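2 protein chains.
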Amino acid sequence: MNRSIISGEDGARLLDEDQVEDPLFVQAIARALHVLSVFHKAEQPLSLTEIAEASGTGRSAAQRVVHTLRALGYIERDETGRGFLPGIRVLDHTVDYLRLNKLIERATPVLLDLRKNARERIDLSLFDDLRVVYAARMQSKRETFFATLVGHSVPTFCTSGGRAIMAHLTDAQVDDIIARSDRRPFTDKTITAPDEVRAMVREARQNGYALTVEEVLVGEVALGVAVLGQGGRPLGAIHVAGSLSEWTPDAFRARFAPLAVEAANAINRLR
Amino acid sequence: MNRSIISGEDGARLLDEDQVEDPLFVQAIARALHVLSVFHKAEQPLSLTEIAEASGTGRSAAQRVVHTLRALGYIERDETGRGFLPGIRVLDHTVDYLRLNKLIERATPVLLDLRKNARERIDLSLFDDLRVVYAARMQSKRETFFATLVGHSVPTFCTSGGRAIMAHLTDAQVDDIIARSDRRPFTDKTITAPDEVRAMVREARQNGYALTVEEVLVGEVALGVAVLGQGGRPLGAIHVAGSLSEWTPDAFRARFAPLAVEAANAINRLR
DNA sequence: AAGTCTGTATCGACTAGCGATACAGATATA
DNA sequence: TATATCTGTATCGCTAGTCGATACAGACTT
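Same order as they appear, the protein sequences are chains A and B. Okay, so the first sequence: first residue is 1 according to the numbering used here, each after it adds one. Okay, so the second sequence: first residue is 1001 according to the numbering used here, each after it adds one.
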């Protein structure tokens, strides 16, 4: 039972039962953002009742939240047909996040340089527990794919960047991530067995990078190198991605591993 | 007194006094999102007290909101140094917005095609009252600029896309937008005088597109064509942007106006 | 015309959030 | 070394604000 990369069925941190006990935890906020998060699983505009059901709130509360969110621009009505959609206002926060993120800031010039030399697609992803979130993509020359992957996330356990990141964690942390991950495969090449994943992580530890072949996308080979912050903690990863129609995995590795590792080092050196 | 395109000092819809009277308006949500919006004017991590001051809330309330937002991943601590930053969770909503937006969906293939023919930078922007928000960018062959402009916004009154959009509004609406806009210039070529802007809009009405020369960025010539929805209402615009080092404005217009207009028509025809 | 969806609105009961106040750790003044 | 002022965190009682029930109008089905 493979799954798609398109839909957002990943680690959407929803409200935790414990948090209801926390006196510092403002419930209304959680409810509101929970309502907004409902769209993560949606494929089309949602009606008020659908929102209410999906968010677990009653119709009344859902309507009042939607009303407010709409007034603030975080939710819009669908023009054609009925229902609601996320509003354009969310993009303001996107740009704030990207702009203020120090890792992105210091990685950008290095990535531009890497892309020039590599002439393949370069991505920057950010580590977020069970997943790795794309923050920037520099498309390759020939590739006409949509530049806007910002915000897309893929599981840590089965991506080149994720594995490179795990290589900088303790075994216990790696095991924890593997155990908690939804390990449904994307392709029939996706490695999901905990032992095999652990082996890949050990390999990445020795190499200083991770290579994945068709684990997320058929025909794609990807090489990931972790980017580190404070005291060696992995914050994200650089990805170089190419097509198997042009490269064998080994040729890809030989060509791009040095470049990518050097780029990551350059970023790490900046602090 | 020119201004920068980088910082987010645009139409951030904050809470309106009237809304306090609205019984359906959930204040806690507005407060929370207002706190998140505080980062729109920030250039660096914000301390709790800075957040409190900027959002108008007391320290206590601000702390409690930040606490919750942090638990949910919408706010993070800055690793190095102190203070808070927007959290990675906001990118989830970004991808939801982009994914569910019908205009982006139907425009994408056409834009890819346009980029192939034009070989210049192609943008898709969405109309949001006083501003126009970039939703997608397909970079040109040679351009190494960062692909991640998603969420950036520029004023409607002085951009090619914005003017093309205004060409599809009534005169009263255009006047309203001009009047309410913060018309500080970006460059010394920025046209800010209401009458001149109106003239440009009239011109755009006749041509079916708008051309701007260095009004936002020095050295840039841009051509915008509106994209329409339900009953001719403008939803956004296609932009083609080039460099004055390669094109005279007239040559640019002659070369790309037909292509861009045709692309916009293609998108409009899809519904 | 009866039925079932939309989205919207009102109001009282009670809970959940605000503000005041306090504390601990880090960095900066004297 | 001491005093001051930041940082972020935590507690608790009063009351303002939210939830849920209930109701209504318009748009599609049947």
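Ideal Cβ positions, reconstructed from N, Cα and C, are used throughout, including at glycine. All of these numbers come straight from a predicted model, not from anything done at the bench.
Any beta-carbon of chain A closer than 9 Å to the one on alanine 1032(B)?
-> Here the question's residue 1032(B) lines up with position 32 in the second sequence. It does; some Cβ of chain A falls within 9 Å.
Helix or strand or just coil, what does DSSP make of valine 1132(B)?
-> Mapped onto the second sequence, residue 1132(B) falls at position 132. Looking at valine 1132(B) - three-state DSSP - the assignment turns out to be strand.
Output the boundary residues of the beta strand (DSSP E) element that contains phenylalanine 1025(B).
-> Taking the first residue of the second sequence as position 1, residue 1025(B) is located at position 25. No beta strand (DSSP E) holds phenylalanine 1025(B); DSSP gives it neither H nor E.
So with Cβ pairs under 9 Å, would you call alanine 1263(B) a contact of chain A?
-> As a first step, residue 1263(B) is located in the second sequence; it is residue number 263 there, counting from the start. Not closer than 9 Å to any Cβ of chain A, the Cβ of alanine 1263(B) fails to qualify, so no.
Report yes or no: is there a C-beta of chain B within less than 9 Å of the C-beta of alanine 12(A)?
-> Within the first sequence, the letter at position 12 stands for residue 12(A). At alanine 12(A) the pLDDT is 48, less than 50, meaning the model places this residue with poor confidence; the figure from the coordinates comes in the next sentence. Output row for alanine 12(A): interface = yes.
CB-CB under 6 Å to alanine 226(A), same chain, minus the five flanking residues each way: which ones, in chain order?
-> For the purposes of this step, residue 226(A) is taken as residue 226 along the first sequence, with counting starting at 1. Counting only Cβ-Cβ distances below 6 Å, and skipping sequence neighbours, we find Ala164, Ile165, His168, Pro234, Ala237.
For phenylalanine 1025(B), decide whether its Cβ has a neighbour in chain A, counting only Cβ atoms nearer than 9 Å.
-> The residue you call residue 1025(B) lines up with position 25 of the second sequence. Interface residue, yes.
Which residue or residues does DSSP assign as beta-bridge partners of valine 1225(B)?
-> Here residue 1225(B) is taken as the residue at index 225 of the second sequence, counted from 1. Answer by DSSP bridge pairing, in chain order: Ile1238(B).
Name the chain B residues that come within less than 9 Å of glycine 161(A), Cβ to Cβ?
-> Residue 161(A) sits at position 161 when you count from the first residue of the first sequence. Ordered by position in chain B, no residue passes the 9 Å Cβ test against glycine 161(A), which lies about 14 Å from the chain.
According to DSSP, residues forming a beta bridge with phenylalanine 127(A) = The residue labelled residue 127(A) in the question sits at position 127 within the first sequence. In DSSP, phenylalanine 127(A) forms a bridge with Val132(A).
What does DSSP give as the partner residues of alanine 1210(B) in its beta bridges?
-> Locating residue 1210(B) in the second sequence gives position 210, where the first residue counts as 1. Looking at the DSSP assignment, alanine 1210(B) forms a beta bridge with Gly1224(B).
Could you check the C-alpha separation between arginine 1255(B) and glycine 1208(B) for me, to the nearest Å?
-> Within the second sequence, the letter at position 255 stands for residue 1255(B). Within the second sequence, the letter at position 208 stands for residue 1208(B). Approximately 15 Å between the Cα atoms of the pair.
Cα-Cα separation, serine 243(A) to alanine 118(A) = Your numbering for residue 243(A) matches position 243 in the first sequence. Your numbering for residue 118(A) matches position 118 in the first sequence. Cα-Cα distance, rounded: 13 Å.
Sub-9 Å separation of aspartate 1175(B) and arginine 1198(B) beta-carbons = In the second sequence, counting from the first residue as 1, residue 1175(B) sits at position 175. In the second sequence, counting from the first residue as 1, residue 1198(B) sits at position 198. In this structure, arginine 1198(B) lies closer than 9 Å to aspartate 1175(B) by Cβ.
Under the three-state DSSP convention, the category leucine 149(A) falls into = Here residue 149(A) is taken as the residue at index 149 of the first sequence, counted from 1. Coil at leucine 149(A), not helix or strand.
What residues from the region 114-145 of chain A come within 8 Å of chain B, judged by C-beta to C-beta, listed N to C?
-> Arg115, Lys116, Leu126, Asp128, Val133, Ala135, Ala136, Arg137, Met138, Gln139, Lys141, Thr144
Alpha carbon to alpha carbon, what distance is there between glycine 1087(B) and tryptophan 1247(B)?
-> Reading the second sequence from its first residue, position 247 is the one you call residue 1247(B). Reading the second sequence from its first residue, position 87 is the one you call residue 1087(B). Near 42 Å, if we compare the C-alpha coordinates of glycine 1087(B) and tryptophan 1247(B).
From which residue to which residue does the alpha helix (DSSP H) around arginine 1180(B) run?
-> What you label residue 1180(B) is simply residue 180 of the second sequence in a count that begins at 1. 1171-1180 is the span of the alpha helix (DSSP H), which, as asked, contains arginine 1180(B).
Local Cβ density within 10 Å of glycine 1073(B), reported as buried at 16 or more and exposed below that = On the second sequence, residue 1073(B) is found 73 positions in, with the first residue counted as 1. Flag for glycine 1073(B) reads buried.
Consider the Cβ of isoleucine 165(A): report whether some Cβ of chain B lies at a distance smaller than 9 Å.
-> Taking the first sequence and counting its residues from 1, the one referred to as residue 165(A) is at position 165. Not one chain B Cβ lies under 9 Å of isoleucine 165(A).
Taking C-beta to C-beta, are arginine 1151(B) and aspartate 92(A) nearer than 9 Å?
-> By one-based count along the second sequence, residue 1151(B) stands at place 151. By one-based count along the first sequence, residue 92(A) stands at place 92. Before going further, note that residue 1151(B) is glycine rather than arginine in the sequence given. Cβ distance < 9 Å, so glycine 1151(B) and aspartate 92(A) count as in contact.
Starting from proline 1185(B), follow its DSSP beta bridges and name the residues at the other end.
-> Stepping through the second sequence from its first residue, residue 1185(B) is reached at position 185. DSSP, once it has assigned bridges, lists no residue as partnering proline 1185(B).
So, does the CB of isoleucine 1267(B) fall closer than 9 Å to a CB anywhere in chain A?
-> Residue mapping note: residue 1267(B) aligns to position 267 of the second sequence, counting from 1. Not an interface residue.
For the alpha helix (DSSP H) holding phenylalanine 1256(B), just list the boundary residues, first then last.
-> By one-based count along the second sequence, residue 1256(B) stands at place 256. Segment 1249-1269, the alpha helix (DSSP H) holding phenylalanine 1256(B).
So does the region 21-34 of chain A actually touch the region 59-71 of chain A, counting three or more Cβ pairs closer than 8 Å?
-> yes
Examine the Cβ distances between the region 205-219 of chain A and the region 74-85 of chain A and report whether three or more of them are shorter than 8 Å.
-> no
In its own chain, which residues sit with a C-beta less than 8 Å from the C-beta of glutamate 1076(B), not counting the 5 before and 5 after it?
-> Against the second sequence, residue 1076(B) aligns to sequence position 76. If we look at glutamate 1076(B) and ignore the five residues flanking it on each side, its Cβ neighbours are Arg1070, Phe1084, Leu1085, Pro1086, Gly1087, Ile1088.
Selection from Leu1103(B), Val1026(B), Lys1041(B), Gly1058(B) that minimises the alpha carbon distance to arginine 1269(B) = Stepping through the second sequence from its first residue, residue 1269(B) is reached at position 269. Minimum Cα distance to arginine 1269(B) is reached at Leu1103(B).
Who are the neighbours of isoleucine 238(A) on chain B, taking C-beta pairs under 7 Å?
-> The residue given as residue 238(A) occupies position 238 in the first sequence. Here the premise fails: no neighbours, minimum Cβ distance about 15 Å.
Examine chain A for any beta-carbon lying closer than 9 Å to the beta-carbon of alanine 1172(B), and answer yes or no.
-> The residue labelled residue 1172(B) in the question sits at position 172 within the second sequence. False, the Cβ-Cβ gap to chain A never drops below 9 Å.
Could you check if serine 160(A) is buried or exposed, using at least 16 other CB atoms within 10 Å of its CB as the buried criterion?
-> Here residue 160(A) is taken as the residue at index 160 of the first sequence, counted from 1. Looking at its Cβ environment, which holds 16 or more other Cβ atoms inside 10 Å, serine 160(A) is buried.
Go to glutamate 1105(B), then tell me how far its alpha helix (DSSP H) extends in each direction, as first and last residue.
-> Taking the second sequence and counting its residues from 1, the one referred to as residue 1105(B) is at position 105. Counting along the chain, the alpha helix (DSSP H) containing glutamate 1105(B) begins and ends at 1102-1118.
Short CB-CB distance (under 9 Å) between glycine 1087(B) and chain A = For the purposes of this step, residue 1087(B) is taken as residue 87 along the second sequence, with counting starting at 1. Taking Cβ atoms only, chain A reaches closer than 9 Å to glycine 1087(B), which makes this a yes.
Residues in its own chain within less than 6 Å of leucine 1046(B) by CB, not counting five upstream and five downstream?
-> Within the second sequence, numbered from 1, the residue matching residue 1046(B) stands at position 46. Excluding residues within five positions, the ones whose Cβ falls inside 6 Å are Gly1083, Phe1084.
Output, in sequence order along the chain, the residues in the region 1089-1102 of chain B whose CB is closer than 9 Å to any CB in chain A.
-> Arg1089, Val1090, Leu1091, Asp1092, His1093, Thr1094, Val1095, Asp1096, Tyr1097, Leu1098, Arg1099, Leu1100, Asn1101, Lys1102
Rounded Cβ spacing between glutamate 1079(B) and glycine 229(A) (contact assumed at less than 8 Å) | Numbered from 1 along the second sequence, position 79 holds the residue referred to as residue 1079(B). Numbered from 1 along the first sequence, position 229 holds the residue referred to as residue 229(A). Right, their Cβ atoms sit about 5 Å apart.
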